[in-house]
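Undergrad: One structure coming up, written as structure tokens, with questions to follow.
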Amino acid sequence: MSFRLATKNVQASQRLNVQARNLTTLKQRVQELIPERQKEALEVKKLAEEKKHSFGENTIDQMYGGMRGIKALIWEPSVLDAEEGIRFRGLTIPDCQAQLPKAPGGNEPLPESLFYLLVTGEVPTQEQVNALSEDWAARAQIPKFIEELIDRCPKSLHPMSQFSLAVTALNHDSAFAKAYANGVNKKEYWDTTFEDSMDLIAKLPTIAGRIYQNVFGEGKHAAIDLKKDYSHNLSTLLGYGNNEQFVELMRLYLTIHSDHEGGNVSAHTGHLVGSALSDPFLSYAAALNGLAGPLHGLANQEVLSWILKMKSQIGEDASDEKVREYVWSTLKGGQVVPGYGHAVLRKTDPRYQAQREFALKHLKGDKNFKLVDQIYNIVPGVLLEAGKAKNPWPNVDAHSGVLLTHYGFTQQNFYTVLFGVSRALGVTSQLIWDRALGMPLERPKSFSTAHLKGILSK
Ligand code: CMX
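What the sequence shown shows, in numbering that gives the first Met the number 0, is residues 0 to 457, in sequence order.
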């Protein structure tokens with residue numbers, strides 16, 4: 000049986016299941032919501048035209064300063080407050096932990112439930128979440144040629160490059176690209192964007208697992224279990240499916256890394272590339288290439304390398320004084336302290352807090368966790384004293400590595416791939432609404448330094 004036929008059969012039987020249960024699927028809910036959200040967006044657009052509300056002038060120093068503070072994007076799934084941190088459709092991380100459906104016996108939200116929330120703004124029922132788990136498992140297979148593509152990558156090629164390569168290749172079966180080529184009405188763009196987004200999310204664990212097993216394992220690839228949730232299947236593909244605590248960690252990890260409003264490099268890149276009507280696979284591959292940068296997602300790999308290097312130089316159970324000296328030596332060497340600072344946040348990242356709470360519960364006595372805690376007590380003071388960083392507090396990446404290492408998942412080079420699996424939830428949630436709301440091609444104005452010099456010297 001061909002790949003497409005096999006996948007279609009599994010999906011068709013999954014759809015029958017859902018119909019038999021008389022359940023409103025995520026797609027049906029999106030379809031129901033589109034008219035009211037389009038009306039709302041239109042009203043806001045009209046009001047904006049009438050009121051000419053201004054957020055104030057953009058300044059030239061902002062142009063040289065990485066556009067910090069320039070209010071230029073519309074992003075539906077989440078909003079970031081500098082002091083409070085992220086809210087997913089109005090819910091904080093503790094709200095999500097309390098309100099979103101979980102796996103039987105689990106404590107952490109299922110990323111499926113977070114995705115439903117990001118797309119609709121509504122907390123799903125357990126049944127709706129279970130239907131999403133089934134749907135994603137049914138879509139998880141990847142075409143043979145992509146398996147071969149991944150298998151042919153040298154082990155020395157960074158897992159993020161392999162990941163991005165494979166995601167780009169998924170564009171081969173893009174429903175959006177096909178519909179566009181066939182002249183679909185622009186009002187229908189959201190439908191195939193939704194289908195591609197679901198396919199993309201569903202296939203990421205399969206791709207990630209294959210890369211992991213090729214690079215770090217023995218090249219043996221486990222099968223997706225159609226009855227298990229997304230994080231369970233990802234953990235199985237990585238070889239950790241029997242470790243329930245690791246699976247819970249994945250549920251938390253995939254939930255909290257999913258979205259951080261629209262201006263960060265990965266989210267903004269996905270949105271920008273999508274604005275050219277590139278399909279969700281091409282848009283997300285571009286986002287992944289941004290996530291692979293050390294000032295963004297690669298920082299979680301960098302953090303662990305930095306901590307291990309610190310341990311090798313100053314030993315285990317080092318004094319606060321030794322740790323402080325090591326932090327200063329990093330700064331004096333002209334490097335950043337990875338995992339600390341943020342372009343928008345000005346407090347400890349609640350994503351860091353959520354991981355710290357997980358560690359307090361499950362990692363008691365872990366030496367690396369103790370060191371992370373010690374670093375937390377020292378780095379902010381050093382960064383404040385150094386006087387450059389606007390935010391001396393830890394971000395999400397300062398904690399994830401030690402959690403993974405605790406369970407024996409020590410391959411730092413792979414950490415950003417996990418971030419990449421998660422970030423797809425946020426980027427695709429927005430892409431669906433970009434198409435449903437008819438968002439235009441993004442094209443801000445730029446100037447040359449010579450031109451600005453002319454303006455400033457007048
Ligand atoms: N260590 C040392 N110096 C730091 C620093 C840190 N952790 N954070 C900021 N600074 C420095 C900057 O490099 C900059 O120095 P220069 O003026 O010499 O260029 C100065 O402080 C001002 O920077 P800022 O306005 O506070 O921060 P930015 O908005 O420019 O950058 C970020 C934000 C995250 C890139 C920066 O804090 C950083 O490099 N942190 C370490 C890397 C990291 O953890 N990245 C992950 C962020 C979360 C994510 O996206 O995943």
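All residues carry an ideal CB built from backbone N, CA and C; glycine is no exception.
Inspect the CB distances between the region 418-435 and the region 291-300 and report whether three or more fall short of 8 angstroms.
TA: yes
Undergrad: Taking Tyr-239 and Phe-408 to be in contact with their CB atoms under 8 angstroms, please state how far apart those CB atoms are, rounded to whole angstroms.
TA: 7 angstroms
Undergrad: Taking Cβ to Cβ, would you say Gly-289 is nearer than 8 angstroms to Thr-268?
TA: yes
Undergrad: Could you compute how far the alpha carbon of Trp-327 sits from the alpha carbon of Ala-353?
TA: Approximately 28 angstroms, taken between the alpha carbons.
Undergrad: Helix, strand or coil for Arg-86, going by three-state DSSP, please let me know.
TA: Three-state DSSP puts Arg-86 in a strand.
Undergrad: Kindly provide the ranges of any alpha helix (DSSP H) runs that are 4 or more residues long and lie completely inside the region 356-423, ordered along the chain.
TA: 366-385, 396-405
Undergrad: Since Ser-234 sits in a beta bridge, which residues does DSSP pair it with?
TA: Partner(s): none; Ser-234 has no beta bridge.
Undergrad: What is the rounded straight-line gap between the Cα of Gly-380 and the Cα of Pro-393?
TA: 12 angstroms
Undergrad: Going by alpha carbons, who is nearest to Gln-429 out of Leu-236, Ile-306, Phe-87?
TA: Phe-87
Undergrad: Suppose the cutoff is 7 angstroms on Cβ atoms and the five residues either side in sequence are ignored; what does the same chain contact list for His-361 look like?
TA: So the qualifying residues of the chain are Gln-244.
Undergrad: Ends of the beta strand (DSSP E) at Leu-46?
TA: That residue, Leu-46, is in no beta strand (DSSP E); its alpha helix (DSSP H) goes 25-50.
Undergrad: For the beta strand (DSSP E) holding Val-461, just list the boundary residues, first then last.
TA: Absent from the model: residue 461. The displayed extent of the chain is 0 to 457, so no value can be given.
Undergrad: My output table needs one value for Pro-158: the three-state DSSP class, helix, strand or coil.
TA: helix
Undergrad: Is it true that the CB of Ala-221 sits closer than 8 angstroms to the CB of Leu-203?
TA: no
Undergrad: Can you check which of these residues, Ile-223, Gly-437, Gly-453, is closest to Tyr-188 by C-alpha distance?
TA: Gly-437
Undergrad: Identify every run of the alpha helix (DSSP H) within the region 138-205, keeping only runs that are complete inside it and at least 4 residues long; order them along the chain.
TA: 143-150, 158-168, 174-180
Undergrad: Once DSSP output is grouped into helix, strand and coil, what is the label at Lys-308?
TA: helix
Undergrad: Cα separation between Leu-79 and His-231?
TA: The straight-line gap from Cα to Cα measures roughly 29 angstroms.
Undergrad: So Val-322 and Ile-377 are supposed to be a Cβ contact under 8 angstroms. How far apart are they, rounded?
TA: 5 angstroms
Undergrad: Nearest by alpha-carbon distance to Asp-134: which of Ser-196, Arg-250, Ala-435 is it?
TA: Residue Ser-196 holds the alpha-carbon nearest to the alpha-carbon of Asp-134 among Ser-196, Arg-250, Ala-435.
Undergrad: For Leu-148, tell me which candidate among Pro-443, Lys-219, Leu-169 has the shortest Cα-Cα distance.
TA: Minimum Cα distance to Leu-148 is reached at Leu-169.
Undergrad: Val-401 to Lys-185, Cα distance in whole Å?
TA: Pairing Val-401 with Lys-185, the inter-Cα distance amounts to about 46 angstroms.
Undergrad: Just to confirm my understanding: we take Ala-40, look at its own chain, exclude 5 residues before and 5 after, and list those with CB closer than 6 angstroms. What are they?
TA: Leu-436
Undergrad: Could you please give the first and the last residue of the uninterrupted alpha helix (DSSP H) stretch that includes Leu-328?
TA: Just to set this straight, residue 328 is Ser in the shown sequence, not Leu. That run of the alpha helix (DSSP H) goes 319-331.
Undergrad: Can you give me the C-alpha to C-alpha distance between Phe-144 and Ser-160, rounded to a whole angstrom?
TA: 17 angstroms
Undergrad: Which value, in whole angstroms, describes the spacing of the CA atoms of Ser-311 and Ser-53?
TA: 53 angstroms
Undergrad: Going by DSSP, name the residue or residues bridged to Pro-93.
TA: According to DSSP, which records beta bridges pairwise, Pro-93 is partnered with nothing at all.
Undergrad: Buried or exposed for Glu-42, please, with buried defined as at least 16 other CB atoms from any protein chain shown within 10 angstroms of its CB.
TA: exposed
Undergrad: When burial is assigned at 16 or more other CB atoms within 10 Å of the CB, is Leu-257 buried or exposed?
TA: Per the sequence shown, residue 257 should be read as Ser rather than Leu. Per the 10 Å Cβ criterion, buried.
Undergrad: Please go through the same chain and pick out, in chain order, the residues whose beta-carbon is closer than 8 angstroms to the beta-carbon of Ile-69, but skip the five residues on each side of it.
TA: Asn-57, Gln-61
Undergrad: Taking 7 angstroms as the line, does the beta carbon of Tyr-339 fall inside it for any heavy atom of the ligand CMX?
TA: yes
Undergrad: Quick one: Cα of Lys-44 to Cα of Phe-357, how far?
TA: 42 angstroms
Undergrad: Going by C-alpha distance, which of Val-343, Val-395, Tyr-63 is nearest Arg-355?
TA: Val-395
Undergrad: What are the start and end residues of the alpha helix (DSSP H) that includes His-242?
TA: Contrary to the premise, residue 242 reads as Asn rather than His in this sequence. Here Asn-242 belongs to no alpha helix (DSSP H), and DSSP marks it neither H nor E.
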